[in-house]
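Structure, as structure tokens:
Protein chains in written order, with our numbering: chain H, 133 to 505; chain A, 133 to 505; chain U, 133 to 505; chain B, 133 to 505; chain Z, 133 to 505.
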């Protein structure tokens, strides 16, 4: 028997579902959120500096009059003072901040007075097939990008590294390009996860053909459930990128839009891959069922061949094992009508011959039916 | 054997389906409706008062010239006088009142001369998986909101509490915001129900892997039927909220629209969750079937191994249990051709050895086939 | 064994499918049609009169100059003179008349010079689950409505009764309202049928849990086939009502359109109900299959437990039933190697004990596997 | 066992699929095409003449200045001279002629300089369920219609007959009406085929309930494959007719468009019927599977009841068939512990009674489980 | 047992999936790419020359002022200098070059400043059912077409041959026609592959009816997975061709658009064939499952008939094989109540008759149930 796998694909981070009846529009901060680490990256052509700050209060005027681009990189969402500063100094709408702190928003892109707001969902796989996701929120201004991460994973590290290394045009292309770069990293992650699952499904298909095992069903179903979750996210990502493409926000540069078109193409590919993999999951389950039904059929044939041959023979043996008497042991009366075969000199041989013939006829019948193949 | 669950997911409130041939447009009042309790909440910045009234006749002029917002909160739909007053004094169209009293309308939003009309369906779960729903109807005017509930559940209590407590901007944002707040509570309820079902399905999946039990099928099917029902409602809710967003009614403030966008996003998430959960139901049923087929295959293997080994052996034992005689008990004639094995000194040992060899060969065959795994 | 039900859901009225190659546009009158009964209802505020006529020739001028509304109510489509009068006096296009006499048109709404033409399909259930439908055709003019029924059922009687009773605004709202009233009755009938099927499916689900019987499959499949048929009709009804809503025909009053919106909402609900019920049918079939597979698994377990326990025991009994001799009956030679167990004083007891142990071990194994649950 | 049917639904005419790499736009004439038979029908009000011609060279001027309508009716596509004449004298584009000679085009309608081009696919059933189709191409000019048939079937004969008989308005309604008349005949053929399949599926459903036979599966699958093929054609027909309806070609008269609307409605009905029949096929396969699973369950029950009752009884009989000795035949030593039951005066009766009780208990258990129903 | 096929449909070329975090927009050249072979075809009416070049640097001015059309035909993508020349001399955007070197782009068509860019995916089948694909990229300018192939297959050879032979209008129709010709060859290849699979599925269906073998399942599933992959490509091809049709690029001639309409029609046919074949795959799997369930049912019947007949008979034989004594061998006491049948003169005959009757009754029962068919 296959051993049960440890619960795969189950451990999803519980998101902060709104409680029915809580006042919409009151700023909510999750008690279990990680403490905020705020890093301010300032950069420009040939210039890059990153420093950790405790508060962003008072930074806005400095940003606005600067030739540099600023990235306020927030990990952990527990700082009430941070959100207060955003509300008062940066004039961010309470509903927007709520969308940042309640980390269960779909990917979206919205334009507001003085800033744009976007949400990505960064996917990552924990253990074997546990698909988790973390919300990344963006507030985009002229030369400032504020990002908010829940803080469990380091998915944005490649962007930080590139910014530090100054490779490509990341330092000169402004805040919207930085936002695009992060969104692109998020979507690339989808591909990596999907490719891993695709390989896993390929491997499973091979194993299925060799030996259809119950544990493979668990893996297929686990991947399928993850795909069902991912599809919801991928569709929303696609819609978001499309909104950015069609947006006429002046925070989004023409160059960024051109690159975003690329990310949009990738998001479509993601959705197509999800759909294809889902069909492959269904197809593999079908194959599993057809192979199981084949196996059961094979087991049945073995049972039927052996039973059908030996049960009649055993019956014949049973007949000549009966004790019908030729002579009553008490009265000594002769009873010649009872089982004369037993007293025939070649009765045993004849019986064995009859048995052999019956067996051979049956074997021939089963062979004709193709049951031995 | 699993015991049958009490009928789950069946007890749906019978809604008042129109009888074919009844005149459309004649005001209908259900005989089994609960008696109406009418509460008038009047509120504004820093002011809140609620009083129960018997009739709303004569209240309209007072409302119109007031700086306050009025919420006429009707529970129970049996008061004919109430509907008469609405028709005569508030000029509500007979068809609209009909939609309120026949409590089987889909969620919708319609603009009329002098007022807007909307319908929500409030879902709640009775017992384990019995999904019920109650119609909430809204008549929205400049500073007046009239709501109608069938009265079985208290889903709107959180809004009443918030209004009383005066938290947030509920007291100052006008009648359309109040309508939004109620609609939001209704949709939040959907999430709570869907999350409960999602958790239940997770639990079932774990149980399925441990032991695929028939009672789990009942629960999965019960949830699936409820999801099928909920989807119809959720789609209509989405359409309704979209209609509100695109409406240019002057009873809906810009602020309310902004919040309604949020509720609209939530309604989309609801639909996506319903679809995902439905797919998970199907997926779980597939897993159940594949596990059952696996189990049957396993049971068959046990039967086949034991039968295949012992039936031939029993046949051999049967042969040597035959009574072919070596000496005719009556005539005393010797019959040496009959079963000489029985009179061989080591016949018994040889036979046992043959039996052991047959059993070992079969065990080896089954082991090679992988039937012991 | 369940007894086969009488063929359910099969007896569909054969509609007059056009024969390939018949000239399109030649007026066709079905030989098997019922003879026409023509009733002219004339009515207005406070006035109502109905009289049966043989011919409508010469009635048109009287209609046109009247303040009353006229409903020419035709049951049975065999009168060639009627259609001639329509063609010559009322200027109805030959193709339209053809659509009336060939009673296999989809619901539709078309505007012509001087009149509008519409088709409804009235559904009714014959016997248990035999879904039939009858075409109702409408020719709508300024103050005249001509309706054509095949004549098998009395689905329009409620409208006739309401017209006679003069309840509501039916007498004063003109010919288009009358058409709406009939269409509404037709759609209400759909609800009644769908509700009956929904209840039937609920009942079947309960029965399935109690005892998955083959006859339930027939009923589910019968309902599903009917739903497949009904969906085609319901979609066409929806399209037709939508066409009426968007039409700018001056025969359709604004008031009628308002009511038609209601009928349109109902037609959407019909389609949603059809889809939901179809999913419930599929869901019930899945449940049936899973329960059958469960049952087969249970039956297999019973067989396997009993066979696995008793077949080895019978083999042991078979061994000690073998006749290997201790003493050759003819020669009298002693053969002590043969089956000494039989001559052990407690051989029988020991054997029974071994059998009991084998049985207990197996029972324990099956209990551990959970086969007794 | 059901005998295998001769391969149903398989023999499809191999269409001329383009070979990868052949130059697009070079006029292709299939070597296996039938020789062309060209008939020129000239007709008008009260005038009709048909004559077979060898070539159409030089006919164009005569056509153009005529008050009559001309139908050049080509059967068989092997005449290279014909296509040359079309290219040079009638100015038909090479790509259009290619579409005519490669007989694998989807139904379509295209407007060109000086003529319109259309393609229909005429379906017909060979043997029991072999769905074939033949391309009918149309070149429509002011008062000339040229049609091309591959020539295997006589689907257009009814139109020829009607033209000859002069019934209806076919002689006076011009070339576009003639094209419509042919297209209508083509679509009417779809209905006839679909109705035949619908009846077949009804018959199969009845047979399934009586006896779920394997051969029915072949028929269902054959029809389903044909439906899959037909759907592709029917969708293209619908698109074509829609293109004609929306076209502003001056070769299509208003009258023809009115009739084409009718054909368009029919094509939609065709698609709906295809979809419905496909669902019915799936539904029938589901029913077959559920009935097979039911049958297997029934067979298993018979086996289990008989085995469960007799195997334990046989074991008991086996016990008392053991030869444990009461007296050693050689030594004469008494062994009273061995099988005293055998020497009890009523041992046989007691044993039979125990067996009867065991059998009754088991029968009661199976009856309680409902296995006898 | 069917032997497992070598892994079918698995060996897919691993495409260059972007690594999460790599800088978007940095020119990427795959290390494993084949070395570039650059051929410049120059041609015009009556003129054709092809020469291999090492570099395209400096060629642009010559191209621009020429009356000829140039095709730069690149096989293998490893030449960094080539891409540099394209970037500097031909002003191709870095993102475009990236799309060429990362060979995992979907088919698409994009217009840029001074050139158009397109991607096709050329499909080919390796081994039995291993579907591979290779990217073909196009850069289209006024009289220049640059194509890039990965270089594993020779799919474009037919176009090269036609260009050399000068057949048709390929030499005179300009660069956009050449692009169309290549795209057309690519799509024709799809047809050839799909037709091969269609034939394979037809063959499998016949084999299934003869003998439902497990290896057929592998082939069906392999084709289905390939179809799932192909559908994604075919949809993108269709979208691309549609983009070309709707484009107003001045590099695409009106003539080319007319031909592209043809290719577009073919791409739609491809998609329809993919969908049809996928349905046929599902249909074949359903048939396999129904036939397996039929087979299992048949095997069960054989087992049940034989077991049900012989098990009770063996039991009767077992009864009369019991050794209940008529005379105690030790005490010599008579025990007449024990098994008097054994001492009846015709006991044996009576017993055999009873057995025969039991067997006949059972055979009659099974025959009535239709189990012998």
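Note that CB positions come from ideal geometry on N, CA and C, so glycine has one too.
Where residue i sits in the DSSP three-state scheme
i, result
"residue 73 (chain Z)", "Residue 73 (chain Z) falls outside the range modelled here, since chain Z spans only 133 to 505, and no answer is possible."
"residue 284 (chain Z)", "coil"
"residue 269 (chain A)", "strand"
"residue 343 (chain H)", "coil"
"residue 252 (chain U)", "strand"
"residue 304 (chain B)", "coil"
"residue 166 (chain H)", "coil"
Residue i burial status per 10 Å Cβ neighbour count (16 or more: buried)
i, result
"residue 499 (chain A)", "exposed"
"residue 116 (chain A)", "Outside the modelled stretch of chain A, which goes from 133 to 505, sits residue 116 (chain A), for which no answer is possible."
"residue 392 (chain U)", "buried"
"residue 237 (chain U)", "buried"
"residue 492 (chain B)", "exposed"
8 Å Cβ cutoff, residue i in contact with chain U
i, result
"residue 488 (chain B)", "no"
"residue 361 (chain A)", "yes"
"residue 349 (chain A)", "yes"
Residue i: CB within 7 Å of a non-hydrogen atom of the ligand COA
i, result
"residue 478 (chain H)", "This structure simply doesn't include the ligand COA, nor any ligand for that matter."
Cutoff 8 Å: residue i Cβ touching any chain H Cβ
i, result
"residue 435 (chain A)", "yes"
"residue 524 (chain A)", "Not covered by the structure: residue 524 (chain A). The range shown for chain A is 133 to 505."
CB contact check: residue i to chain Z, cutoff 8 Å
i, result
"residue 431 (chain B)", "yes"
Bridge partner(s) assigned by DSSP for residue i
i, result
"residue 173 (chain B)", "B:182, B:203"
"residue 258 (chain U)", "U:262"
"residue 242 (chain H)", "H:249"
8 Å Cβ cutoff, residue i in contact with chain A
i, result
"residue 265 (chain U)", "no"
"residue 428 (chain U)", "yes"
"residue 394 (chain U)", "yes"
Residue-level contact to chain B via CB, residue i, 8 Å cutoff
i, result
"residue 272 (chain Z)", "no"
"residue 152 (chain U)", "Because the pLDDT at residue 152 (chain U) is just 48, under 50, the model does not fix this residue reliably, and the point stays unresolved."
"residue 471 (chain Z)", "yes"
Of the residues that make up the region 436 to 469 of chain Z, which ones have a beta carbon closer than 7 Å to any beta carbon in chain B? Contacts with chain B (Cβ-Cβ distance below 7 Å) from the region 436 to 469 of chain Z involve 436, 439, 440, 443, 444, 446, 447, 450, 451, 453, 454, 455, 456, 457, 460, 461, 462, 467, 469, listed in chain order.
In chain order, what residues of the region 333 to 344 of chain B put their CB closer than 7 Å to some CB of chain Z? 343
Below 8 Å between beta carbons is the criterion; list the residues of the region 178 to 208 of chain H that meet it against any residue of chain A, in chain order. The region 178 to 208 of chain H vs chain A, Cβ under 8 Å: nothing.
Check distances from the C-beta atoms of the region 234 to 259 of chain B to those of chain Z and list, in chain order, the residues that come in under 9 Å. 236, 237, 238, 240, 242
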